[in-house]
Amino acid sequence: MEEAQRLEDEDVVPKMYSTCSFQRLQDMVPARAVLYFLSFSGFLVSFMMRTDINIAMIAMARLPRPSLYAANASSTPMYCYNPANVTDELDADNVTKEEGEFDWDATTQSTILGSFYWCYILSQVVGGILTQYFGTKTVFGFSQFITAICSLLIPSAAPLHYGAVIALRSIQGIASGLTWPAMYAMVGHWIPAVERSRFMSSFQGFSFGIGLTYPLCGFLIAHFGWRVVFYVTGSVGILWCLIWWLLAFDTPAQHPRISASERRYIETNVGNTVVGEKGLLVPWHSILTSLPAWSISITTFGRIWIHYTFIIPGPMYMKTVLGFSIQKNGLMSGAPFLCSYVSSVLFCYLADVLVNKKILSLTNVRKLFTAMSQIIPGLLVLAIAYLGCNITLVLIAWFFAVTLITASYAGAMASVVDIAPNLAGPILAFAQTIHMTASFLSPIAAGIILQESQTLEQWQQVFWLSAIVSCGTYIFFQAFGTADIQPWNYPNKKVPVDINQTLQPLHCKQNGTSLKDNSEAAEG
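Residue numbers (the numbering used here): -11 to 512.
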């Protein structure tokens, strides 16, 4: 009897020790850090499933070989390379390896690629409304799950008819359109204003997604065929959904493992800016007549335009003008996006420093970084247009332009949460409905300009158009952009009298504890 009691006691001690150790581990990893990881990885996986077909299409469809080798009789050269002295030349063997499986003409291919973005735009407002009623955990999770299932089905659908692929891509677009409004809504509940710039860098998971997808797809296609691309991205999407469902929660109050100190810090600093009711009535009239909301929508239209010039027509420029093979193209196209995450963290951290040290107001910080994300890349695009065949300088300008675009996440994109944290989902839905039209208008415009030929002279027109749109749309944010919370953020426009007290800087003291200590986890 005594021996049994002794063994039972010895068994209880390890269990208690294990429980205490697990609790200490939970305290060491703040819930906001976990949310940062989920946001970053979620957008990474989302954009892997979105952009995989951009590279896979080269192996799926038979490309018109004459367009790669047609002689150019004009004074402006078509290529910036001489196959006789370029080690990575586009020889016959490379073309054979890139020969596709389906007889899809250019129009069909454009329809397949564009179907995602047409439907993506249509679901933006729906995403904001669904998030208000069901919460981010449900909306974001199911949207990723549906997108992953469609990716797994594409290899089976493609041999049936290209219409089946268009249908699956359309469903993916509808589902993916729900993700951004949903995540913005969660930021409003979880992240205090003084930390939002840093947290917004987690949205740059999409840059990692693009940067990883291009070289990864090239490798998979070369060794296993194009079908494996969709099996891999779809499987990764399913796995991510399981992790999301276990670790994500709509509000700190619903989180079962958050520490009491972190929950108190979040609720104190988010305070009355957010109403926790999912069924809050969305003041669409106020949003649609708000100049700050329109300024975000219009200026980010320009950023999306120039960004998608690099994402979609960009690889074609590298292939047909600079003469890069598919492998080198994937690496050169993806590398700037991989570095974009690092730059976004630096930009967002710098933005927080400028605000916390009171060097600039939050509104001026948003305008400064928005200018960095659109004015400078616009000028660099013009530089690319006139650098001609100086490939080294072209790649340097290309790299810095793509990298600087990420400054927007400390600029106009962060203002989505600034002006109405309680309605961040619907506001982003409204903004995305407008600015994401650039995701297909930009490549369409490039296609029209390049329809007859892809000479350097024609590409200069493409780059000029991108620069004008990028720089011109920034004017709206400079004139009407703000970081001030709008009255319609609150039910019946009743602004709490203590609103300014809820937005404390990190160095403020509360109950003798430095709030800065509680926020260090968000810096990563």
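Beta carbons: idealized from backbone N, C-alpha and C, even for Gly.
Cβ pair residue i, residue j closer than 8 Å
i	j	result
Ser396	Thr288	yes
Thr522	Gln160	The question about residue 522 has no answer here: the residues shown for the chain are numbered -11 through 512.
Ile109	Gly165	yes
Asp340	Val182	yes
Ala146	Gly222	no
Tyr337	Pro431	no
Phe468	Leu279	yes
Phe325	Tyr105	no
Ile407	Thr470	yes
Gly206	Val33	no
Ile294	Pro365	yes
Ala426	Ile286	no
Ser458	Ser328	no
Thr167	Ser131	yes
Trp476	Ser274	yes
Trp214	Gly129	no
Arg354	Gly290	no
Met16	Leu101	no
Three-way DSSP call (helix, strand, coil) for residue i in this model
i	result
Phe237	coil
Ala471	coil
Phe312	coil
Val0	Because the pLDDT at Val0 is just 46, under 50, the model does not fix this residue reliably, and the point stays unresolved.
Tyr108	helix
Spatial neighbours of residue i in its chain, beta-carbon cut-off 7 Å, leaving aside the 5 residues before and after
i	result
Asn73	Model confidence at Asn73 stands at a pLDDT of 46, short of 50, so the residue's coordinates are unreliable; what they give is reported in the following sentence. Closer than 7 Å at the Cβ level, and outside the excluded window around Asn73, lies no residue.
Ile142	Val153, Leu156 and Phe218
Met306	Phe312, Asn317, Met320 and Ser321
Gln513	Since the first residue shown for the chain is -11 and the last is 512, residue 513 is missing from the structure and cannot be characterised.
Ala385	Leu368, Ala371, Ile372 and Leu375
Phe191	Ser27, Phe31 and Tyr397
Trp178	Arg20, Leu23, Pro240 and Ile254
Ala412	Tyr172, Ala173, Val175, Gly176, Val404 and Val405
Leu235	Val22 and Leu26
Asp238	Gly123, Thr124, Lys125, Met174 and His177
Ile246	Ala19 and Pro240
Glu89	Met48
Ser103	Ile154, Arg157, Ser158 and Gly161
Gln466	Lys355
Gly199	Gly322, Ala323, Phe325 and Leu326
Extent of the continuous alpha helix (DSSP H) to which residue i belongs
i	result
Pro409	Run containing Pro409: none; DSSP gives neither H nor E here.
Val182	It is not in any alpha helix (DSSP H) - Val182 carries neither H nor E in the DSSP assignment.
Glu250	Ala248 to Val258
Gly199	Gly193 to Phe212
Cys138	Thr124 to Ala145
Pro280	Leu279 to Ile299
Gln439	Here Gln439 belongs to no alpha helix (DSSP H), and DSSP marks it neither H nor E.
Gly151	Tyr150 to Ser164
Asp40	Ala19 to Met48
Met360	Leu350 to Leu375
Phe388	Ile379 to Leu392
Ile275	Trp272 to Leu276
Any non-hydrogen atom of the ligand MN within 7 Å of residue i CB
i	result
Gln97	Because no ligand of any kind appears in the structure shown, any question about the ligand MN cannot be addressed here.
Beta-carbon contacts of residue i that lie in its chain and below 8 Å, excluding the five residues immediately before and after
i	result
Gly435	Ser98 and Pro301
Val270	Gly116, Ile117, Gln120, Leu411 and Pro414
Ala433	Val450 and Leu453
Beta-carbon proximity list for residue i, same chain, < 6 Å, skipping 5 on both sides
i	result
Thr201	Met36, Thr39 and Asp40
Trp282	none
Gln474	Ile407 and Ala408
Leu348	Leu342
Ser331	Thr391 and Thr394
Pro180	Asn257 and Val258
Phe298	Val390
Phe418	Ile275
Leu356	none
Pro169	Gly115, Gly116, Thr119, Gly413, Leu416 and Ala417
is_contact[residue i, chain D] using C-beta, thresh 8 Å
i	result
Ile179	Looking for chain D here will not work: only one protein chain is present.
Does the contact criterion of 3 or more C-beta pairs under 8 Å hold for the stretch 443 to 459 versus the stretch 311 to 322?
The answer is no - the stretch 311 to 322 does not touch the stretch 443 to 459, with fewer than three Cβ pairs under 8 Å.
Take every Cβ of the stretch 355 to 369, pair it with every Cβ of the stretch 462 to 469, and state whether three or more of those distances are shorter than 8 Å.
Between the stretch 355 to 369 and the stretch 462 to 469 there are three or more C-beta pairs closer than 8 Å, enough to call the two in contact.
Cβ pair count under 8 Å reaching 3, the stretch 391 to 407 against the stretch 135 to 151
Too few Cβ pairs lie closer than 8 Å, so no.
Three or more C-beta pairs under 8 Å: does that hold for the stretch 368 to 378 against the stretch 119 to 137?
Between the stretch 368 to 378 and the stretch 119 to 137 there are fewer than three C-beta pairs closer than 8 Å, too few to call the two in contact.
For the stretch 399 to 417 and the stretch 340 to 349, state whether three or more C-beta atom pairs, one from each stretch, are separated by less than 8 Å.
With a cut-off of 8 Å, the stretch 340 to 349 and the stretch 399 to 417 do not count as touching, because too few Cβ pairs lie within range.
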